[in-house]
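A short write-up of the structure that comes next.
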Amino acid sequence: MRMTQWIHFTAILMVFGVAVAVGQQNTADPAVNAPRYDLALGYNYIGANAPPGNCHCFAMHGGFFSAGIHFNDWLSIEGKVTGGHSNDISALGQNLTLTTFTVGPRFTWHHGRFAPYGEALFGAAWGTGSYFPRANGTSTTSASSVAYSVGGGLEYELTPRMAVLLPDAEFLHTALPNGINGEQNTLEIGAGVVFKFGNRTRYIPAPPMHMPAKQVDLSCTQSAEQVPPGEPLEIIAQAITWPGNDAVDYDWHASAGTVQGSGSMVSIETAGLEPGTYHVYGTAHLADDAGVHSDCQVSFTIVPPQKAKVITRTIVEKPATNNPAMLDFEKNIQDAFFDYNQYNLRPDAQSAIAHDASYLESHPDIHITIAGFADERGTAEYNIWLGLQRALAVRRALAKDGIDMGRMNVLSYGKEKQFCSDQTPACFQQNRRAHFMMDPLQKPQP
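With mature numbering (1 follows the signal peptide of the UniProt record, and there is no 0) applied, the sequence shown covers -21 to -1, 1 to 425.
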């Protein structure tokens, strides 16, 4: 392959690469309406050289016709026919009619009404009515050769079905015999009209990617609203982050008492506190951005010591009682049981809670404490958290059934207290529960 042919081939590859890159980067232009087919025709000016010389020594005038099939808004296959004629192209007085037939890919960048494009076409050239010297010393009046062209142009859309082409510029290479090197490099400049047909496709752009600002929402709950001095109070927080599941750090402080622990669950040491109402304040912020945070607050009341003595109780070992109201409560209230490592309500737990809600609704003076339990598998810290989640799930279900939240306290014993000590699945199930206790601080009517 000759050096000039290598140069031409390299130019084609460069135009291909640029056109493909531009086309693919703009496939989502909101103004794009690509036709299924297009037809174009127009005028062509050709700055040419032909036998017997090898220079840009004469001009040809003619026209072109093209047809395209569109695969999407940036890629189509175009077929093109060009024709040009000139008289007296040399001192010998011969004429020349040059016709090309080429086909190849076109890459288009749509931008509103404007659509610049690049293309590379391959095919054949046919020259007639002229003088074509051969290497053997003979000549002919017509000849053919391979041809390729590379170039581009600009379409301006007048209507959805019609556009003008201004301009279309192509470098055309042919290899007709000329007695010197058998190559012709010509420049074609054209203008015309484009007609668009077929089902038009609207290419809707993808919505711009706007990442929403990160946010945190924090809620917290206390295990009881009233506690005696010295009894720990558990505070559990739930932080929700969006749009993603980001890591969160917690900060806690209380208006009285000592905060023990860290993270989403802490305890308040109430020893030495005087009777009264106190507050616990929590803050959750993103681990990687302390400026994104949310706050919560809960209150608790320290009851007088004489009342505190009344509520001291053992959870698992039920004390003997002759209180008719307490006996009736224990007879009618049903505990809610849970699956392993879960705190969602099973159908049997939902049925038990519905029964409990009916009983509590008919006994409006009863206040209760819901204690969450877990079996012995897992760490103590995790099971305290799991037990509290179970108690909270039951309290939410009762509130949904119409029971006032102010009548219900929650706490968690995790695996610290067990209803059953055997190492069997049935025993483990007995320990995975939310247990109900009637608050002795209240004076329910039998």
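Idealized CB from N, CA, C, for every residue including glycine.
Over the uninterrupted alpha helix (DSSP H) stretch that includes V282, give me the two end residues.
The residue given as residue 282 occupies position 303 in the sequence shown. No alpha helix (DSSP H) holds V282; DSSP gives it neither H nor E.
Looking only at C-alpha atoms, which of S246, P222 and A413 sits nearest to D314?
Within the sequence shown, residue 314 is the residue found at index 335, counting from 1. Checked all of S246, P222 and A413; the closest Cα to D314 is A413.
What does the alpha-carbon distance come out to for the pair P254 and I247?
As a working mapping, residue 254 is identified with position 275 in the sequence shown. As a working mapping, residue 247 is identified with position 268 in the sequence shown. Looking at the two C-alpha atoms, the distance is approximately 15 Å.
With distance defined between alpha-carbon atoms, name the residue in I345, Y110, Q201 and A192 nearest to V277.
Numbered from 1 along the sequence shown, position 298 holds the residue referred to as residue 277. Nearest of I345, Y110, Q201 and A192 to V277, Cα basis: Q201.
With distances taken between CB atoms, is the gap from I214 to V245 smaller than 8 Å?
Residue 214 sits at position 235 when you count from the first residue of the sequence shown. Residue 245 sits at position 266 when you count from the first residue of the sequence shown. Contact: yes.
Pull the bridge partners of F407 from the DSSP assignment, please.
Taking the sequence shown and counting its residues from 1, the one referred to as residue 407 is at position 428. For F407, which the question treats as bridged, DSSP gives no partner whatsoever.
Nearest-angstrom Cα distance between N160 and A122?
For the purposes of this step, residue 160 is identified with residue 181 of the sequence shown, where counting begins at 1. For the purposes of this step, residue 122 is identified with residue 143 of the sequence shown, where counting begins at 1. Computed Cα separation, rounded: 15 Å.
Leaving aside the five residues before and after T76 along the sequence, list all residues of the same chain whose C-beta is less than 6 Å from its C-beta, in chain order.
Numbered from its first residue, the sequence shown carries residue 76 at position 97. Only residues of its own chain outside the window of five on either side were considered, and among them H64, T107 and G108 have a CB closer than 6 Å to the CB of T76, listed in chain order.
Closer than 8 Å by C-beta to Y96: which residues in its own chain qualify, once you throw out the five before and the five after it? Chain order, please.
Numbered from its first residue, the sequence shown carries residue 96 at position 117. Cβ neighbours of Y96 beyond the five flanking positions: A(-3), R85, F86, T87, W88, G131, G132, L133 and E134.
Across the region 395 to 412 and the region 332 to 341, are there enough close Cβ pairs to call them in contact, namely three or more that are closer than 8 Å?
In the pairwise beta carbon analysis, the region 395 to 412 is classified as not touching the region 332 to 341: fewer than three pairs are separated by under 8 Å.
Exposed or buried, G393, counting other C-beta atoms within 10 Å across all chains shown (16 or more means buried)?
Residue numbering aside, residue 393 sits at position 414 when the sequence shown is read from its first letter. G393 is buried by the Cβ-count criterion.
For M387 and I345, what's the separation of their Cα atoms in angstroms?
Translated into positions along the sequence shown, residue 387 becomes position 408. Translated into positions along the sequence shown, residue 345 becomes position 366. About 9 Å.
Could you check whether the Cβ of A154 sits closer than 7 Å to any heavy atom belonging to the ligand GTP?
Of ligands this structure carries none, so the ligand GTP is not represented either.
What does the alpha-carbon distance come out to for the pair P31 and W105?
Working through the sequence shown from its first residue, we reach residue 31 at position 52. Working through the sequence shown from its first residue, we reach residue 105 at position 126. Summary for P31: the model assigns pLDDT 47, below 50, so the residue's position carries little reliability; its value from the coordinates is reported in the next sentence. Looking at the two C-alpha atoms, the distance is approximately 16 Å.
Determine the DSSP secondary structure at S123, reduced to helix, strand or coil.
Translated into positions along the sequence shown, residue 123 becomes position 144. Here S123 sits in strand by DSSP.
Measure the C-alpha to C-alpha separation of E210 and L371 and round it to an integer number of angstroms.
Walking along the sequence shown from the start, residue 210 turns up at place 231. Walking along the sequence shown from the start, residue 371 turns up at place 392. Going by the C-alpha atoms only, they are around 20 Å apart.
For N302, does the count of other Cβ atoms within 10 angstroms reach 16, so buried, or fall short, so exposed?
Position 323 of the sequence shown, counted from the start, is the residue given in the question as residue 302. So N302 ends up on the exposed side.
Spatial neighbours of Y16 within its chain, please: C-beta separation below 8 Å, excluding the five flanking residues on both sides.
Counting from 1 along the sequence shown, the entry for residue 16 is found at position 37. Excluding residues within five positions, the ones whose Cβ falls inside 8 Å are A46, G47, I48, H49, K175, F176 and G177.
With C-beta atoms as the reference, is A154 less than 8 Å away from E162?
Residue numbering aside, residue 154 sits at position 175 when the sequence shown is read from its first letter. Residue numbering aside, residue 162 sits at position 183 when the sequence shown is read from its first letter. Closer than 8 Å, so yes.
Is DSSP giving S202 helix, strand or coil here?
To locate residue 202, count along the sequence shown from 1; it is residue 223. Under the three-state reduction of DSSP, S202 is assigned to coil, being neither helix nor strand.
Please classify C36: is it buried, with 16 or more other beta-carbons within 10 angstroms of its beta-carbon, or exposed?
Along the sequence shown, one-based indexing puts residue 36 at 57. Under a 10 Å Cβ-count criterion, C36 is classified as exposed, with fewer than 16 other Cβ atoms of the shown protein chains found around its own Cβ.
Comparing alpha-carbon positions, which option in P191, R356, P146 and L137 lies nearest V271?
One-based indexing of the sequence shown puts residue 271 at position 292. The candidate whose alpha carbon is nearest that of V271 is P191.
In this structure, how does DSSP classify L100 when only helix, strand and coil are distinguished?
Within the sequence shown, numbered from 1, the residue matching residue 100 stands at position 121. In this structure, L100 counts as strand in the three-state DSSP scheme.
Using C-beta distances below 7 Å, list every residue in its chain close to A405, excluding the 5 sequence neighbours before and after it, in chain order.
For the purposes of this step, residue 405 is identified with residue 426 of the sequence shown, where counting begins at 1. Short of 7 Å from the beta carbon of A405, and not among the five residues preceding or following it, lies no beta carbon of its own chain.
Can you check which of these residues, G91, A103 and Y110, is closest to D67 by C-alpha distance?
By 1-based counting over the sequence shown, the position of residue 67 is 88. Among G91, A103 and Y110, the Cα nearest to that of D67 belongs to Y110.
Sequence-distant residues of its chain with Cβ nearer than 6 Å to E355 (five each side left out)
As a position in the sequence shown, residue 355 is number 376, starting the count at 1. Answer for E355: K394, listed in chain order.
Given Y322, which residues of its chain have a CB within under 6 Å of its CB, disregarding the five upstream and five downstream residues?
As a position in the sequence shown, residue 322 is number 343, starting the count at 1. Q368, R369 and A372.
8 Å Cβ cutoff met for A376 and L324
As a working note, residue 376 is residue 397 in the sequence shown. As a working note, residue 324 is residue 345 in the sequence shown. Yes, the Cβ-Cβ distance between A376 and L324 is below 8 Å.
Taking the alpha-carbon positions, what's the P112 to T120 distance?
Residue 112 sits at position 133 when you count from the first residue of the sequence shown. Residue 120 sits at position 141 when you count from the first residue of the sequence shown. Going from the Cα of P112 to the Cα of T120 covers about 9 Å.
Taking C-alpha atoms, which residue in Y22, T249, D383 and D196 lies nearest to N224?
By one-based count along the sequence shown, residue 224 stands at place 245. When only C-alpha atoms are compared, the closest one is D196.
Indicate the three-state DSSP secondary structure (helix, strand or coil) for D335 in the structure shown.
Along the sequence shown, one-based indexing puts residue 335 at 356. It is helical.
Hey, quick one: how far does the beta strand (DSSP E) through residue 430 stretch, first residue to last?
Outside the shown range of the chain (-21 to 425) lies residue 430, about which nothing can therefore be said.
In the DSSP assignment, what residue or residues form a beta bridge with W105?
Locating residue 105 in the sequence shown gives position 126, counting from the first residue. W105 is bridged to T78 and S123.
Cutting at 7 Å between CB atoms, please list the residues of its own chain near C399, excluding the five before and the five after it.
Position 420 of the sequence shown, counted from the start, is the residue given in the question as residue 399. Excluding positions up to five away in sequence, the list reads C406, Q409 and N410.
How many Å lie between L212 and P326 at the Cα?
Numbered from 1 along the sequence shown, position 233 holds the residue referred to as residue 212. Numbered from 1 along the sequence shown, position 347 holds the residue referred to as residue 326. Cα-Cα distance, rounded: 31 Å.
Alpha-carbon to alpha-carbon, A99 and L54
Counted from its first residue, the sequence shown places residue 54 at position 75. Counted from its first residue, the sequence shown places residue 99 at position 120. Their backbone Cα atoms lie some 12 Å apart in a straight line.
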